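In our numbering, the protein residues as written are 785 to 1599.
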C-alpha cells in the first residue's frame, strides 16, 4: 500500500481536512500497539459495542498525524483528517480497490478449522517459488481481511489470505472485496456454528467466497459440503481431498501400520514419511499437496517441502525472568510481519526499560540493504535500551540501529559474552529465526526451570471477556476479579493485560493483593472485597477502594481516613445483604446508614451484592428474590443519599442468565477463564489454561509388580509405566491416584496409577505405543478438560486453579 491522502479520499469518497499530499503506507487500528508512526494513519473503528474515536488522542500522543475517522475533533492541531461515513466500510472499500488493482494470484482459505495452519504451511512451501504475501497472524475478519489485503505491493505475485466469518451475511461483504482465483475450504466443524440456524446455512455462507474462483479445493469428507459444492459450482474446476477414498485426493495405504504415507492425487501416487498421523494433520497435508499440485510444483519438490515443514508456533510466550525481568520468547519464526507483531506485544507492558535480541531474517527474497533499513526503522521507533544482533547478515547493518548495539555471529557467542546477565528490571524480547536456537537464551534467563508449566493464553481470556461483553449494553462497565492470584494464574500478569484492554475495575480479596498490583504499576481502580482492620492504612496509601459491609467497618475505616489527612471524599463500595447471609447491610439498616454517611467525608462509588446461586438452574426463584431485594434496597439507599453510585450484582453466570439485571456494572471471574456451567455458553468460550509436564522415564513393569508407595497398584500383565515430574506439592491432590484420575498423552487419556508422590506420579501408557520419554503430558486443558479434572478431584474448577503451587512456572502466551 502506498497512496497519498488525496488518492485515498478519491477511492473511498472521503473528505480530507489538512495536507492532501501526505503518504500513507500503513493503517493502524489499535492505539495501544502502534509500532511505527512513519507514513502511518490511525483509523478510529466504530462498532456497535465501542468507538475507536475515544483513542484518537492516544494515537496522536504516539506521533500519528493522519487520522481516519467518522468525525473531526478540532482540538487537535496540525492533524490531517480523512473523514468517512463508516470506518469499516471505508476500510473495505480501500481494500477492494487495492486488491482489484493488483496483479496477484490469490488463494482464499475458509472453513472452521485449520485455516491458519494451512496458510502458514503454504507460505513455507511457496515463498521461494513466488514472491508471496500472506495474512498476518489469523487476520481474517471484516476488519482483519481488509488490513491483510492492504499489505499487497507490486513485488508480490502470490497472495494467501484467510477469510473467517462468525455470523450470517458476513461472507457476502468479504467476497465483495476479495475474490480468490483458488478457493480452499478446510474442515467444517462447530466453530461459530451456534450463530447459524443450521449446518446448511453455515456451509452456504462459507462457500460464497468461491463465487468467482476458477478452482475450488475442498474437504470432501463432509458429504453435505461435497453435495453443495458440486450443485452450486459444477462449471468450475473442483478437487476434493480427504481421508475417505471417494475423494479425488486421498491416502491409499494403512496409516497406522505403514512407515510412509501414499497419497493418490487424481490417480497419481505421491509417497512420503510423516511423524504426526492424527486425522487433522493428515487432512491438512492432503489440502497442501492439492494446492501445490495446482500451482505446478513437481512431486519431488513437494516431498522436499513437506519434509522441511516446521511446526507452526503462532504464539508469544511471556515468562518471569531473573532480576525482575520479563522475557518475551518469540523464537519460533522471524519475518517482517512477525517482528511487527512482537513489537506490538511489547507495548502491552509498562516496564520503562526494554532490550531486544534479534537475528538474521532468513528465507526472505529481498534486497538486504532495503530489508534491514526497514527492520532498523521499526526497531529504532521502540527506543530500546540495548539491542543484541545475532547472525552474519544483520550484523553488517549494525550502524542502522540507534540504541546501544552489540553484535554476535552466533547465539552461543552472545551467551558466552554474559551481556544478558547484566540486564535487570527490563522487558527482554527474544526474536529470532529458528536456526539460531535463541530459545536457549530463555532457558538461561528464566526464573523457574521446571518441566511442569501452567500456560495461560491471554487471547483466550480476552475472547471470553468480549463474549460476556457482547451480552451487555455498550455502556455497562465490567469488573474483573483477580483475587487469589487471579485464580492461580498470576495476579499482576492478568491485571496488566486487563488494564491494557481497558477493564473498568479490578477486584481483589485482601488489601495486600491490591498493594502488590499498585507497586508493579497497575493504575486501574481496585476494589478490596474483604478489607481487614489492620490493612486500612495501606488501602488509603495505595489508593485502593474498600468494600464496606457493616457499621463497625465503616467507623474503623473512616477513622483511618481522618488519621491519614486525606482531604477528599474517599471512594467506598457498599455491600448489601440480599439472601446469601455472608456479609452486607440489611434492609432495616439503610436509613441509619444514609444518616451516618452524611456526616462522613466518603463517597459511595458503588452499591452491590452477590448472587449465591446464579449458576443453579433450579434456584431461579431464589435468585429472582435476591435481585428484587437488591433493586428495592439499592434504590432506597440512592434516594436517601441523593446521588447515584454504580450498581452491580451479576457474576459470570449471572451475566449469561440474568442479563436484564446488569445495572451499571457486572463482575467477571471464572467466566473470563473459559468456564460456564451452561453448555450453550460453554460452546462460546475458549479454554485459557493448560497445565502440562513431560514424561521423565518409561519403564516396563513385569506382571504382578507394584508401582508407587504402599503398593496400592499392581500390574496384571507386562505394562509400560511412565513417570512424570508433578505431584501433590504442585497441586495434584493424592485422592486422584490409583486410577481415579487420568492425564493426556498424544490426545489419549492415560490413567494415574499408584499413589501420587510429593513431586512425581506414575501413569499407564501401555495403550499409547507412540508415547516416549520427553513427550508432553497434559494434566488438564482439552483432554482431560479443566472441568473433567475437577470432577476427578471431587471439587470445582476454582479450587483446582487456586491449588496450583507457586513453584509451577507460569507462561503467558498470545496466539
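By construction, the Cβ of each residue, glycine as well, lies at the ideal position given by its N, Cα and C atoms. These numbers come from a predicted model, not from an experiment.
The region 1358–1369 makes contact with the region 1382–1394, as at least three CB pairs between them are under 8 angstroms. Between residue 1258 and residue 834, the beta carbon gap of about 7 angstroms places them in contact (Cβ cut-off 8 angstroms). Residue pairing by DSSP puts residue 1431 in a beta bridge opposite 1391.
Note that the C-beta distance between residue 1272 and residue 1519 is not below 9 angstroms. In the structure shown, the three-state DSSP call for residue 1370 is coil.
Going by beta carbons, residue 909 and residue 1248 fall outside the 9 angstroms limit. Bridge pairing for residue 799: 867 [DSSP]. Per the DSSP secondary-structure output, residue 1047 pairs in a beta bridge with 1035, 1054.
In the three-state scheme derived from DSSP, where H, G and I count as helix and E and B as strand, residue 1514 is classed as helix. The distance from the Cβ of residue 1425 to that of residue 1448 is about 15 angstroms, inconsistent with a contact at the 8 angstroms cut-off. When the beta-carbon positions are compared, residue 848 and residue 825 come within less than 9 angstroms of each other. Within its own chain, the residues whose Cβ lies closer than 7 angstroms to the Cβ of residue 1156, once the five positions on either side in sequence are excluded, are 1178, 1181, 1184, listed in chain order. In the structure shown, residue 1003 adopts extended strand secondary structure according to DSSP, grouped into three states.
The three-state reading of DSSP puts residue 925 in coil, since its state is none of H, G, I, E or B.
Beta-bridge partners of residue 1239 (DSSP): 1474, 1595.
When Cβ pairs closer than 8 angstroms are counted between the two stretches, the region 923–940 is seen not to touch the region 998–1008, the count staying below three. Taking 8 angstroms as the upper bound for CB-CB distance, residue 1216 and residue 1174 are in contact here, some 7 angstroms apart. With a threshold of 16 other beta carbon atoms within 10 Å, residue 1414 meets it and is buried.
Using a Cβ distance threshold of 9 angstroms, residue 966 and residue 892 count as a contacting pair.
Residue 855 counts as exposed, since fewer than 16 other C-beta atoms from the protein chains shown sit within 10 angstroms of its C-beta. Within its own chain, the residues whose Cβ lies closer than 6 angstroms to the Cβ of residue 1595, once the five positions on either side in sequence are excluded, are 1101, 1103, 1237, 1239, listed in chain order.
Cα atoms of residue 1054 and residue 1081: separation of roughly 12 angstroms, rounded to the nearest angstrom. Less than 9 angstroms separates the beta-carbon of residue 991 from that of residue 969. Between the region 867–887 and the region 1063–1070 there are fewer than three C-beta pairs closer than 8 angstroms, too few to call the two in contact. For residue 1188, the secondary structure class from DSSP, reduced to helix, strand or coil, is strand. Per DSSP, residue 860 lies in no alpha helix (DSSP H) and is assigned neither H nor E.
Contact check between the region 1537–1553 and the region 1574–1594: fewer than three CB pairs, one atom from each, fall below 8 angstroms, which does not count as touching.
By the 16-neighbour rule on beta-carbons within 10 angstroms, residue 1368 is buried. Just measuring C-alpha positions, the residue of 1537, 1280, 1324 sitting nearest residue 1135 is 1280. Bounds of the alpha helix (DSSP H) holding residue 1437 are 1436–1441. Excluding residues up to 5 positions away in sequence, 809 lie with their Cβ nearer than 6 angstroms to the Cβ of residue 786 in the same chain. Three or more beta-carbon pairs drawn from the region 1529–1538 and the region 1494–1507 are found closer than 8 angstroms, and the two stretches are therefore classed as touching.
In the DSSP assignment, residue 907 falls outside any beta strand (DSSP E) and within the unbroken alpha helix (DSSP H) covering 899–910. The shortest CA-to-CA distance from residue 1146 to any of 912, 940, 964, 1241 is the one to 912. Taking residue 1199 as the centre and dropping the five residues before and after it, the same chain places the C-beta of 1224, 1225, 1228 closer than 8 angstroms to its C-beta, in chain order.
In terms of CA proximity to residue 1489, 1501 leads the group 973, 1057, 1501, 1479.
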